[in-house]
């Protein structure tokens, strides 16, 4: 198996094209991102991942901007460069300002810091948090 | 150095008490959580961490509920049990409903899944995300 | 200490050359990968790591392809770009097909997703799993 | 929102029961694990996660034992206690012997070690792995 | 919000310049690193992070070289490329030799390996470590 | 395969006993920690891990206390509860004071915070760090 290569719309099977077309329609974009072009190497995972993502990111009790910011926060915490770039763009498109990005990063940074202080000091859960 | 032990208000130095008192006043609570009682073993870190957290979590361009949910999302992603319990409680206090928690967890789960798909397929960043 | 640089066979000490030669013989390759050339900056760690790896990856009750796929899965989960590239190549050489790679990535993705759902919902271990 | 609580079959909505029943039938078990009982707090995520997992873990080009071992390997690498217990049990049920478990852990350990050596020595990807 | 861009001294607000100047004076350098130029997009986080870092990394009961090596060790474990480069340089400047770097990496590697062996074997804490 | 169980000296094979005895002699302790008793389920991994650890943690250009503190720092960063307890005890035995522990935790916390700020701001490596 060589290094994964992207699959463009013109070279895609009907099954893959159907997913690409649904992404383009749902997001109102002219082409899909690299993520989908690479995932197209496995049409079953492509379809499942897109349908899951569409369900998870749909408007619900959390608004789409909040969801994109949470997605970005997790990606930053995990250090996934592609995901930071793509979900940073998505969050911006959904309305995230530079000031909001700054506050988001500050929270992500603090959470990673205090998570480790908790580990190191072996802090037991307060009984009040257990109910 | 034995296992870290919590420091209660009654046994605390004036420096530590001042921080405890500020936490109680700011949050309008009767006692501080275990996190602060353990961190009190290092009064310098206690003071710096509290002042940083107070600044970071203050209302800004992101509302406090969003900040608490992001804090919770990162803690869940990192697997910090204490932090999940304490920031879950804080998010609830700030108004998070069970439905919002469910959507938050769904986003955290998907982000962790797609972060790894990106890694595995070695997806290069789209030029559009680089500007 | 400047940025680490690779050590080529021609410039290597006899101690390092002996390890390089054993890698080349064991794997039937003409040159060692960059990993070993960089690790050669610390001959003691080079030797120990190679001997450990040789022992761990040798055929046993798990066949070598399964071992390479597990190595790749962990590297993908950790986001180590070099390791994904090198163990992806090793898994391919050991026979991994593109379809197997796709299924492997799907499992790695799901595991990372459900690991976080478990964290967030604070799921206690079923008694049946404790025996 | 209080601490998440499990939802038992007797107290579940028809939508949740349908998922529980499908899990029990598919796996031929009398009751579902705690993971599903907690996830039932969000019926949409419960349904999507179960359907995704059923698809991902179905026999394909990788046999079910290999998939369970990969799931276990990722969970061990991430340090998810519940997931280690539940997928350890699932792998055993699928036929994993103690010797295979030992070899699996050895690979997971080595991968985590060499992933960090690669990071620290800043090893560039060999051109041969880029094609 | 476009991709974050660095802010140079000449274009910085007085608030940001004051931090830049303090960094340059404290470290006796002609210019600040990229980290600070990017963080300058959020002057509040820039100021807080610099003041925290200055306090944490100041000489104390641990000498500055040990602190830099610990910072590097954590960055290597997390796989943060920029941080490995910048704290590798800082550790070298503080006196880390190549042999010390090699031993440091060996410890980081072993810790990551045994951390996972512990997870996989589900090792309970010895009572002696609980006091 | 049931849940892993510890193997005590009295029940151990000669091969395992030899490792246990070497640990006890080297460390001058009456019994080995749980880590070794669980690892004894795989005598090959037990032997390799002990010999690797003995080599890595031996006095070298870094003194043993520094090595134990780095081990602890990585374990705290990874959130391995057992490892934090055991290497916290080992660091204390090697002379770590409470003040040193406090400074160590502060560095680990800051590193985890700034690692994420770097990720989020997508900071490129300064040319000066590349040589």
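Protein chains in written order, with the working numbering: chain A, 1 to 131; chain B, 132 to 262; chain C, 263 to 393; chain D, 394 to 524; chain E, 525 to 655; chain F, 656 to 786. The beta carbon of each residue, even a glycine, is placed where N, CA and C say it ideally should be.
Of all alpha-carbon atoms in B:150, B:257 and B:194, the one lying nearest the alpha-carbon of residue 88 of chain A is that of B:257. The continuous alpha helix (DSSP H) containing residue 476 of chain D extends over residues 474-486.
For residue 86 of chain A, same chain residues with a beta-carbon under 8 Å away, outside a window of 5 residues either side, are 33 and 35 in chain order. By the C-beta density criterion, residue 226 of chain B is exposed, having fewer than 16 other C-beta atoms within 10 angstroms. Residue 183 of chain B has a beta carbon lying within less than 7 Å of a beta carbon in chain E. The alpha-carbon separation between residue 10 of chain A and residue 461 of chain D amounts to approximately 37 Å. Going by C-alpha positions, residue 158 of chain B is about 10 Å away from residue 152 of chain B. Assigned with DSSP and collapsed to three states, residue 22 of chain A falls in helix. Under a 10 Å Cβ-count criterion, residue 304 of chain C is classified as buried, with 16 or more other Cβ atoms of the shown protein chains found around its own Cβ. Within the segment 503-521 of chain D, 503, 504, 505, 506, 507, 508, 509, 510, 511, 512, 513, 514, 515, 516, 517, 518, 519 and 521 place their CB atoms closer than 9 Å to a CB of chain C, listed in sequence order. Between the segment 445-454 of chain D and the segment 367-382 of chain C, the count of C-beta pairs closer than 8 Å reaches three or more; the two stretches touch.
Here the alpha carbons of residue 527 of chain E and residue 262 of chain B stand approximately 5 Å from one another. Here residue 451 of chain D is exposed. Its C-beta has fewer than 16 other C-beta atoms within 10 Å.
In this model, residue 286 of chain C and residue 352 of chain C are separated by some 14 Å (Cα to Cα). Within the same chain, Cβ atoms closer than 7 Å to the Cβ of residue 147 of chain B are found at 138, 171, 174 and 177, the five residues on either side in sequence being excluded. Comparing C-alpha distances from residue 756 of chain F to each of E:585, E:562 and E:542 shows the shortest one belongs to E:585. Shown here, residue 458 of chain D sits in a helix according to DSSP, grouped into three states. Any Cβ of chain F closer than 7 Å to the Cβ of residue 406 of chain D would place that residue at the interface, and such an atom is absent. Interface annotation for the segment 41-66 of chain A against chain E: empty, criterion Cβ-Cβ distance under 9 Å. Taking a Cβ-Cβ threshold of 8 Å, none of the residues of chain C is close to residue 69 of chain A; the smallest such distance is about 17 Å.
Here DSSP, grouped into helix, strand and coil, assigns residue 294 of chain C to coil.
Taking a contact as a CB-CB distance under 8 Å, the pair residue 465 of chain D and residue 477 of chain D counts as one, their CB atoms being some 7 Å apart. DSSP, reduced to helix, strand and coil, places residue 270 of chain C outside both helices and strands of the structure shown, so it counts as coil. Contact of residue 134 of chain B with chain E by beta-carbon distance below 9 Å involves 653, 654 and 655.
Its chain contains 370, 373 and 374 as the residues whose beta carbon lies nearer than 8 Å to that of residue 339 of chain C, once the 5 sequence neighbours on both sides are disregarded; these appear in chain order.
Taking residue 206 of chain B as reference, the option from A:18, A:19, A:117 and A:37 with the minimal CA-CA separation is A:117.
Per DSSP, the continuous alpha helix (DSSP H) segment holding residue 309 of chain C begins and ends at 305-319. Our two residues, residue 194 of chain B and residue 747 of chain F, have alpha carbons roughly 43 Å apart in a direct line.
Of the candidates F:784, F:735, F:693 and F:774, the residue whose Cα lies closest to the Cα of residue 81 of chain A is F:774. Excluding residues up to 5 positions away in sequence, 177, 178 and 181 lie with their Cβ nearer than 7 Å to the Cβ of residue 150 of chain B in the same chain. Residues 135 and 137 of the same chain have their beta carbon placed closer than 7 Å to that of residue 169 of chain B, with the five preceding and five following residues left out of the count. Nearest C-alpha to residue 580 of chain E among F:758, F:669 and F:668: F:758. Within 8 Å of the CB of residue 607 of chain E, no CB atom of chain A is found; the nearest one sits about 10 Å away. Bounds of the alpha helix (DSSP H) holding residue 638 of chain E are 622-645.
A direct Cα-Cα distance of roughly 37 Å separates residue 12 of chain A from residue 97 of chain A.
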